[in-house]
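Chains as they are written, first to last, in my numbering: chain C, -15 to 547; chain P, 156 to 332.
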């Protein structure tokens, strides 16, 4: 094996978890190869739209019809607009098979979807890790909150999380930079909810934005978030956390990082005599030439479903169904977040007040259903966002000077409020991904076939969300309440998780409590594929903490000569 | 500035030196290349006049100054379905026919006051649910979009802040920003 192709560690993927793996290994002196299937995106340099004014977009933000027609899946994503569509995979470029409708939203470039994420960073709590064991679904998580708590703190300090210390056991506090203020009506609703309910809380939505830069952030070259709300373009201030602005440049500065772009991982190379992986087989996206790279430890951070694909495609004579798939579990028990339902309303109060400027987050309502005990006819529950604002009421009447005059008016409309549900879904064997037997991509790799759907539990949860939020809104005096169920396909939540779940027992799980494949301990999976259950919180912060923890463990084991 | 505006400016700019702009205007073609449907130079002029009638130049810029009709043409070209493009062109003709029937001349030839009468009829939803009315509605909404997202509007009328750099969650309405 070529010395020049040998590293201490290989990290597959440069997104939010791969970036963390790269940083952890590089800063501890390990020679690390990061493989990214897409093109390079350098912080600042490769954000072509970041400082464009609205009138500088030829279609004022709209995606041309021909692109929408050719790419219906990605066109359903809220972030697929003229200013950020270059960071998102077009359906036509990377086809997959939908046995059932599944909107697979992807970002194939350095930084992955960390450029585009919603940046909400709520910790999991003990209630979340205990969930499967208590409620009898999936398998027991092999870790608990206390195992992850120090690692949450570790990643929060570096990433920069703005938050308020709320003292809630359902959503533990973290290492917070100061919060931005809630606005008048969010504060009003917070007071109303705490008056009307003992177990429901409206809090500030914790987010990965620097409200007050600390030395560690300045050292990364990042500055304070300016409230532009144009994050999807890439931030010229480094105001929000992404691999591009934070972990990857940090790793690069150590001199230990090798980043290879246009590197499509075909499979992990497995040596059955030694029962370990020796490296990975990589196809150059452009030349289609195959190269092998070798390392002592491999971290798989390709993004939930692509991580499943790589493991499934890493078959050999001893593991004919894929690496880590001795018991036929790989690719199964995939779950996601139920984001179907929204509620909106108006509030006639606080008419003498408005907001001024911009901020990157709004309010958040942690799960209040079935927290301490089972109390409904469905399992688990949902969290929700809550936001309010006041826009200028545009008057489009008339024509000529009258219309012009109408368009110059600055009268504010009423406060509008809105929430969206973020429901936990239950991982099931019948929600799975597998390799297509017949269809391959342009590199000869089998396409992924996806079979994921809602179930009765999800339907009941939708109904309950509508009932409970209608009640909460009504009690707060909101009017003109409207609810909607988009019935959007799974996937559009962009929170697909599982397929290589963690657990105690190799017969019922793919990964152990340190994220090692039970059957091949020098392969670690620390992206969304490792998730045993989904809880309700936006998952990225948990991926970061799990990755840092697993990397630390891997390095300890390497030092001991165990890996 | 988008590429079409740039081309337009080059044409106008160079025309100013030697050629009278009207000589440049091919009577059969629009001033820039449309990829997915066709408009004549005449139709383009008519869209420009209609946009200007909707949002006229006063002491401040009007629709023509912000190239509103070119934005409309671009949006119909790039962001509308084939079906919507056909509807737009048919509607444009229907609108012109309606104008002729009611004023005796085409919209381009009609006087300012006649043009205003036509728009008044459209605002009052006469003719009802017709192709002409649908065209007018589309044209008006795109013209408004062009105007309210123009540099002039977003720097002079309702100022767009690329970098707010501040946040106050609850300030009195009367307090200036």
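In this text, a Cβ means the ideal position worked out from N, Cα and C, and glycines have one as well.
Sequence-distant residues of its chain with Cβ nearer than 6 Å to residue 237 (chain P) (five each side left out) | Listed in chain order, the non-local C-beta contacts of residue 237 (chain P) below 6 Å within the same chain number zero, local neighbours out to five positions each way being set aside.
In chain order, which continuous runs of the alpha helix (DSSP H) of length 4 or greater are located wholly inside the stretch 210 to 273 of chain P?
-> 223 to 234, 237 to 258
Residue 309 (chain P) touches chain C at which residues, Cβ-Cβ below 8 Å?
-> 37, 38, 39
Any Cβ of chain C within less than 8 Å of the Cβ of residue 186 (chain P)?
-> no
Tell me whether residue 4 (chain C) is buried or exposed, calling it buried when 16 or more other Cβ atoms sit within 10 Å of its Cβ.
-> buried
Counting pairs of Cβ atoms below 8 Å between the stretch 313 to 332 of chain C and the stretch 303 to 313 of chain P, do you hit three or more?
-> no
Can you say whether residue 91 (chain C) is buried or exposed, counting buried as having 16 or more other CB atoms within 10 angstroms of its CB?
-> buried
With a Cβ-Cβ cutoff of 8 Å, do residue 206 (chain P) and residue 223 (chain P) count as a contact?
-> yes
Check each residue of the stretch 190 to 216 of chain P: if its Cβ is closer than 7 Å to any Cβ of chain C, include it; give the result in chain order.
-> 208, 209, 210, 211, 213
Three-way DSSP call (helix, strand, coil) for residue 508 (chain C) in this model | If DSSP states are grouped into helix, strand and coil, residue 508 (chain C) belongs with the strands.
Partners in chain P for residue 33 (chain C), counting only beta-carbon separations shorter than 7 Å | The contact set of residue 33 (chain C) on chain P, defined by CB atoms closer than 7 Å, is empty, because the minimum CB distance reaches about 12 Å.
Between the Cα of residue 246 (chain C) and those of C:354, C:108, C:149, C:270, spot the shortest distance and give me the residue it belongs to.
-> C:270
Residue from C:543, C:220, C:2, C:484 with nearest C-alpha to residue 122 (chain C) = C:484
Can you tell me whether DSSP reads residue 446 (chain C) as helix, strand or coil?
-> helix
What residues from chain C crowd round residue 306 (chain P), counting only those whose CB sits closer than 8 Å?
-> 37, 39
What did DSSP end up calling residue 430 (chain C) once you bin it into helix, strand or coil?
-> DSSP places residue 430 (chain C) in strand when its eight states are reduced to three.
Segment contact, 8 Å Cβ cut-off, at least three pairs: the stretch 236 to 244 of chain C with the stretch 286 to 304 of chain C | no
On the premise that residue 401 (chain C) lies in contact with residue 433 (chain C), defined as a C-beta separation below 8 Å, what is that separation, rounded to the nearest angstrom?
-> The pair is not a contact, with the Cβ atoms about 41 Å apart (cut-off 8 Å).
Mind listing the chain C neighbours of residue 300 (chain P)? Cutoff is C-beta to C-beta under 9 Å, in chain order.
-> 44
Apart from the five residues on each side of it in sequence, which residues of its chain come closer than 6 Å, Cβ to Cβ, to residue 230 (chain P)?
-> 297
Neighbour list for residue 235 (chain P) in chain C, Cβ cutoff strictly below 8 Å | 49
May I have the straight-line CA-CA distance separating residue 180 (chain C) from residue 171 (chain C), to the nearest angstrom?
-> 14 Å
Inter-residue spacing [alpha-carbon to alpha-carbon] between residue 333 (chain P) and residue 333 (chain C) | The first residue shown for chain P is 156 and the last is 332, placing residue 333 (chain P) beyond what the model contains.
Own chain partners of residue 474 (chain C) with C-beta closer than 6 Å, once the 5 adjacent residues on each side are dropped = 86, 320, 436
In chain P, which residues lie less than 8 Å from residue 212 (chain C) when you measure between Cβ atoms?
-> 317, 318, 319
How long is the line joining the alpha carbons of residue 257 (chain C) and residue 415 (chain C), rounded to whole angstroms?
-> 34 Å
Proximity winner among P:212, P:284, P:277, P:287, relative to residue 382 (chain C) (alpha-carbon distances) | Considering only P:212, P:284, P:277, P:287, the residue with the shortest C-alpha distance to residue 382 (chain C) is P:277.
How about the stretch 149 to 168 of chain C and the stretch 341 to 351 of chain C: do they share at least three Cβ pairs that are nearer than 8 Å?
-> yes
Would residue 434 (chain C) count as contacting chain P if we go by Cβ distances under 8 Å?
-> no
For residue 295 (chain C), the nearest candidate out of C:309, C:2, C:532 (CA to CA) = C:309
Extent of the continuous beta strand (DSSP E) to which residue 260 (chain C) belongs | The continuous beta strand (DSSP E) containing residue 260 (chain C) extends over residues 260 to 268.
Nearest-angstrom Cα distance between residue 261 (chain P) and residue 385 (chain C)?
-> 22 Å
Verify the CB distance criterion: does residue 551 (chain C) have a CB-CB separation below 8 Å to chain P?
-> The question about residue 551 (chain C) has no answer here: the residues shown for chain C are numbered -15 through 547.
Host beta strand (DSSP E) of residue 322 (chain P) (start-end) = 322 to 327
Kindly indicate if chain P contains any beta-carbon less than 8 Å away from that of residue 470 (chain C).
-> no
Between the stretch 32 to 47 of chain C and the stretch 532 to 544 of chain C, do three or more beta carbon pairs fall short of 8 Å?
-> no
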